[in-house]
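Just so we're aligned: 34 in our numbering is position 51 of the sequence shown, and the numbers increase by one with no gaps anywhere.
Positions of the beta carbon are idealized from the N, C-alpha and C atoms, including for glycine.
Remember, it's a predicted structure, so these values are computed and weren't measured experimentally.
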Amino acid sequence: MSDRIRLAIQKKGRLTESCRQIFNNSGLSFDEGERELIYTVPEMPIDLLFVRDDDIPALVSQGVCDFGIVGLNVFEETKFGETDNFNAEIFAKLGISKCRLSIAVPKNVRFNTLDDLNNLKIATTYPQIVQNFLRGKGLSAQIVRLNGSVEIAPSLKLSDVIVDIVSSGATLKENNLTEVMPILNSEAVLISNRQISDDKRSIANNLMARIGRALTMN
Ligand code: PRT
Ligand code: ZN
């Protein structure tokens, strides 16, 4: 078997450090060198491609990479946005980088039931997930898409409420926002192209077996 798998990893961010720890704890080298786009893992038939996390689902869907490690939030957002030709699926949940995508409201906004969202402006980096959630609940609201600093949208009058990633809750607190409801529980997931060969699938299974202990230690 001469196949190698190409695995997309976040170049610089929260998932990069977690991935490095898991690889190193499993006896696998990991180096997202500044010069090289692709890193050849010497201990296993795996090549790492370092990219922005938002690009990972599409790279896997298009078959540029066989696998990728990405937050479920980013995977779902891309999947809902590309319903027709989306060709990636979850291979394994990794149980790390846990967080939730939640609705949060400022003190001046009354929120007792989900119906209170009707006709409000919601700022978020995840418009597809929010739209899908609203549709499922029979609600309609205006979505304002922001790429960052979503938590300041209500104070700038850009929106009434927000839907954003929450971990400890400190960011919401600093911005006088109250978390009222999670709409997605997220964690890092290993995703794969739907048409990978059995040989490549078997390499990924070997990788999961090898990193399994490091994942439970995390
Ligand atoms: O540059 P690139 O596009 O690759 O990275 P990025 O800036 O888009 O992503 P990054 O590195 O911030 O996060 C990568 C993934 O980590 C996310 O997609 C999530 O799946 C996961 N993750 C886990 C988080 C958090 N925890 C988290 N706390 N992602 C973001 N946050 C941010 C959140 O947006 C908010 O601003 O942290 C703040 C809230 O944290 P608390 O602890 O104050 O609640
Ligand atoms: Zn990103």
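In terms of residue numbering, what span does the beta strand (DSSP E) encompassing Cys82 cover? Sequence index remark: in the sequence shown, residue 82 carries index 99 (1-based). Element bounds for Cys82: Cys82 to Pro89.
Lys62 and Phe69: beta carbons closer than 8 angstroms? Counting from 1 along the sequence shown, the entry for residue 62 is found at position 79. Counting from 1 along the sequence shown, the entry for residue 69 is found at position 86. Their beta carbons are under 8 angstroms apart, which means Lys62 touches Phe69 by this criterion.
Helix, strand or coil: how does DSSP classify Ile194 here? For the purposes of this step, residue 194 is taken as the residue at position 211 of the sequence shown. Ile194 falls in the helix class under three-state DSSP.
Could you tell me the distance, in whole angstroms, from the CA atom of Ser142 to the CA atom of Asn56? Indexing the sequence shown from 1 puts residue 142 at position 159. Indexing the sequence shown from 1 puts residue 56 at position 73. Their backbone Cα atoms lie some 21 angstroms apart in a straight line.
For Thr107 and Ile126, believed in contact at Cβ under 8 angstroms, the rounded distance: Here residue 126 refers to the residue found at position 143 when the sequence shown is read from its first residue. Here residue 107 refers to the residue found at position 124 when the sequence shown is read from its first residue. Right, the Cβ-Cβ distance comes to about 6 angstroms (below 8 angstroms), so this counts as a contact.
Using 8 angstroms for Cβ pairs, my map puts Arg(-11) next to Asp49. What's the rounded Cβ distance? To locate residue -11, count along the sequence shown from 1; it is residue 6. To locate residue 49, count along the sequence shown from 1; it is residue 66. Confirmed, about 5 angstroms.
Using the Cβ count rule (16 or more neighbours within 10 Å means buried), how would you classify Asn7? To locate residue 7, count along the sequence shown from 1; it is residue 24. Burial call: exposed.
Whole angstroms is fine: what's the gap from Gln114's alpha carbon to Gly10's? Within the sequence shown, the letter at position 131 stands for residue 114. Within the sequence shown, the letter at position 27 stands for residue 10. So the alpha carbons of these two residues sit roughly 42 angstroms apart.
Just reading off the beta strand (DSSP E) that Leu173 is part of, what are its end residues? Residue numbering aside, residue 173 sits at position 190 when the sequence shown is read from its first letter. Ala171 to Asn176 is the span of the beta strand (DSSP E), which, as asked, contains Leu173.
Element boundaries [beta strand (DSSP E), containing Ala153]: The residue labelled residue 153 in the question sits at position 170 within the sequence shown. From DSSP, Ala153 is part of no beta strand (DSSP E) but of the alpha helix (DSSP H) over Ala153 to Glu157.
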